[in-house]
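K.L.:
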Amino acid sequence: ALHRRELLRLMIAYKILKLDDVKVLLEHEGCDTEARTTLLAYQNSVSQGSIADFAASMRALERAATGVKTVEELKKEWSFRKREDGKAVVLLYRGNDSTVNIPERIGKTVVAEISENIFKIARDRNVFIRKIIIPASVCDISVNAFSGCTELEEISVSADNTLYRIENGSLYRGSTLVRVPCTMPGHIVLSDRTTEILSYALEDCKKIETVDIPATVAKIGERAFSDCEMLKSVSIPDGCAVGREAFYGC
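Heads up: the sequence shown begins at -12 in the working numbering, then just goes up one per residue.
1. What are the start and end residues of the beta strand (DSSP E) that includes Glu71?
2. What's the call for Ala51, buried or exposed, on a 16-neighbour Cβ count within 10 Å?
3. Go ahead and pull the three-state DSSP assignment for Asp111.
4. State the DSSP-derived secondary structure class of Asp199, mapped to helix, strand or coil.
5. Tell me, please, whether the segment 175 to 182 touches the segment 123 to 138 by the rule of three or more beta-carbon pairs shorter than 8 angstroms.
6. Might you give, ordered along the chain, the residues of its own chain that have their beta carbon closer than 8 angstroms to the beta carbon of Gly208, omitting 5 neighbours on each side?
7. Do Asn155 and Ile121 come within 8 angstroms of each other at the CB atom, strictly closer than that value?
8. Residues in its own chain within less than 7 angstroms of Lys69 by CB, not counting five upstream and five downstream?
9. Using the Cβ count rule (16 or more neighbours within 10 Å means buried), how would you classify Asp191?
10. Which value, in whole angstroms, describes the spacing of the CA atoms of Thr285 and His15?
11. Can you tell me where the alpha helix (DSSP H) with Leu164 in it begins and where it stops?
12. Cβ atoms of Ala123 and Ser145: under 8 angstroms apart, would you say?
13. So, are the CB atoms of Glu100 and Arg117 less than 8 angstroms apart?
14. Just to confirm the assignment, what range does the beta strand (DSSP E) spanning Leu78 have?
15. Taking a contact to mean a Cβ-Cβ separation below 8 angstroms, would you say Pro172 touches Ile142 in this structure?
16. Find the nearest neighbour of Val198 within the set His174, Met217 and Val204, judged by alpha-carbon distance.
17. Within its chain, find whatever has a CB closer than 6 angstroms to the CB of Ser66; leave out the 5 residues flanking it on each side and keep chain order.
18. Just the C-alpha distance for Lys5 and Val98, rounded to the nearest angstrom, thanks.
19. Helix, strand or coil: which one does DSSP assign to Thr182?
20. Leaving out five residues before and five after Gln35 in sequence, what residues of the same chain have Cβ atoms less than 8 angstroms from its Cβ?
21. Under DSSP, the alpha helix (DSSP H) around Val11 begins and ends at which residues?
22. Looking at the unbroken beta strand (DSSP E) that takes in Leu158, where does it start and where does it end?
23. When burial is assigned at 16 or more other CB atoms within 10 Å of the CB, is Ile240 buried or exposed?
24. Please work out which residues of its chain come closer than 6 angstroms, Cβ to Cβ, to Val221, disregarding the five sequence neighbours upstream and downstream, and give them in chain order.
25. Go through its chain and collect everything with a Cβ distance to Tyr159's Cβ below 8 angstroms, but skip five positions before and after it.
26. For Phe106, which residues of its own chain have a beta-carbon under 7 angstroms away from its beta-carbon, when the five flanking residues on both sides are left out?
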């Protein structure tokens, strides 16, 4: 810490140094005048009975380093409700980050479901969502959960999630295409195991020009390709059921 002043200042700011540690540093040969002045001022400001403050500071520093948020922070950032089974449905995101970690738990409550249009408030406040990280606990995502995320570049799913996965950059549940990030460019290749394209799955994908839909697809949901302004061609398999306004705004 004596040779890395930024580290020393950080340790003092979070009150990580115990008084015994301060004494050791003051006696160290590498303690120059600036470090000695800083340490003495810290020593005078901290009492011997500050163990609780020290522990709290350590926890705060750990949360800052790992990105883990407190229950209070999560409750400010997310609106949610409990289902009858006691698990949570996240309803609205009220934070300011462009990379959004859907929480696996809020307190002791497991987050199992993502409701529709959860980024409405963020969108109204010009918070542009660029990455969404889905935890292992989520087992149900509404068809238009990420509606309006026109700057979305990436969706990530925990490797421990047994229902959802990422393939070719897109979000799948089993053989069903759930969502393609809106900034996906050019030519889109769907998994050859795809049997259904959910409603709103490619909504607002304004850079997509062509999509190869495999012959296995039997259903395309309503507004699945809505507002894909650059879309030039789509191959639709024979017998595929196409939902209402599937290509609205194309």
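Cβ atoms here follow ideal geometry from the backbone N, Cα and C, with glycine treated the same way.
If you're wondering where the values come from, they're calculated on a predicted model, not measured in any experiment.
P.N.:
On the basis of the coordinates in this document:
1. Position 84 of the sequence shown, counting from 1, holds the residue named residue 71. Careful: Glu71 lies outside any beta strand (DSSP E) and carries neither H nor E.
2. Start at 1 with the first residue of the sequence shown, and residue 51 comes out as number 64. Any reading at Ala51 needs caution, since the residue's pLDDT is 49, under 50, leaving its predicted position unreliable; the model's value is listed next. It is exposed - the Cβ of Ala51 has fewer than 16 other Cβ atoms within 10 Å.
3. The residue you call residue 111 lines up with position 124 of the sequence shown. In this structure, Asp111 counts as helix in the three-state DSSP scheme.
4. The count along the sequence shown starts at 1 and reaches residue 199 at position 212. Looking at Asp199 - three-state DSSP - the assignment turns out to be strand.
5. Fewer than three Cβ pairs drawn from the segment 175 to 182 and the segment 123 to 138 lie within less than 8 angstroms of each other, which leaves the two stretches out of contact.
6. Residue numbering aside, residue 208 sits at position 221 when the sequence shown is read from its first letter. Excluding sequence neighbours, Gly208 sits near Val130, Glu183, Ile184, Leu185, Ser186, Tyr187, Ala188, Gly230 and Ala233.
7. Translated into positions along the sequence shown, residue 121 becomes position 134. Translated into positions along the sequence shown, residue 155 becomes position 168. Against a cut-off of 8 angstroms, the Cβ pair of Asn155 and Ile121 comes out as no contact.
8. The residue labelled residue 69 in the question sits at position 82 within the sequence shown. Correct list, in chain order: Ala75 and Thr96.
9. As a first step, residue 191 is located in the sequence shown; it is residue number 204 there, counting from the start. So Asp191 ends up on the buried side.
10. Absent from the model: residue 285. The displayed extent of the chain is -12 to 237, so no value can be given.
11. Numbered from 1 along the sequence shown, position 177 holds the residue referred to as residue 164. Segment Thr163 to Arg166 is the beta strand (DSSP E) holding Leu164; no alpha helix (DSSP H) there.
12. Indexing the sequence shown from 1 puts residue 145 at position 158. Indexing the sequence shown from 1 puts residue 123 at position 136. It is a contact, given that the beta carbons lie within the stated cut-off.
13. In the sequence shown, the residue the question calls residue 100 occupies position 113. In the sequence shown, the residue the question calls residue 117 occupies position 130. No; because the gap between Cβ atoms is not below 8 angstroms, this pair is not in contact.
14. Residue mapping note: residue 78 aligns to position 91 of the sequence shown, counting from 1. Unbroken beta strand (DSSP E) run through Leu78: Ala75 to Tyr80.
15. Mapped onto the sequence shown, residue 172 falls at position 185. Mapped onto the sequence shown, residue 142 falls at position 155. For Pro172 and Ile142, no; Cβs fall outside 8 angstroms.
16. Reading the sequence shown from its first residue, position 211 is the one you call residue 198. Cα-wise, what sits closest to Val198 is His174.
17. Counted from its first residue, the sequence shown places residue 66 at position 79. Here the set comprises Leu78 and Leu79.
18. On the sequence shown, residue 5 is found 18 positions in, with the first residue counted as 1. On the sequence shown, residue 98 is found 111 positions in, with the first residue counted as 1. So the alpha carbons of these two residues sit roughly 39 angstroms apart.
19. As a first step, residue 182 must be located in the sequence shown, where it is residue number 195. In the structure shown, Thr182 sits in coil (DSSP, three-state: anything other than H, G, I, E or B).
20. Numbered from its first residue, the sequence shown carries residue 35 at position 48. With a pLDDT of only 47 at Gln35, under the threshold of 50, the placement of this residue in the model should not be trusted, and no figure is reported.
21. Residue mapping note: residue 11 aligns to position 24 of the sequence shown, counting from 1. Its alpha helix (DSSP H) spans residues Leu6 to Glu14.
22. For the purposes of this step, residue 158 is taken as the residue at position 171 of the sequence shown. From DSSP, the beta strand (DSSP E) with Leu158 extends over Ser157 to Arg160.
23. Residue 240 cannot be examined here, being either before or after the span of the chain that is shown, -12 to 237.
24. For the purposes of this step, residue 221 is taken as the residue at position 234 of the sequence shown. Correct list, in chain order: Val198.
25. The residue given as residue 159 occupies position 172 in the sequence shown. Contacts found: Tyr151, Arg152, Ile153, Val165, Ser178 and Thr181.
26. Numbered from its first residue, the sequence shown carries residue 106 at position 119. Cβ within range, chain order: Tyr80, Ile116, Phe133, Gly135 and Cys136.
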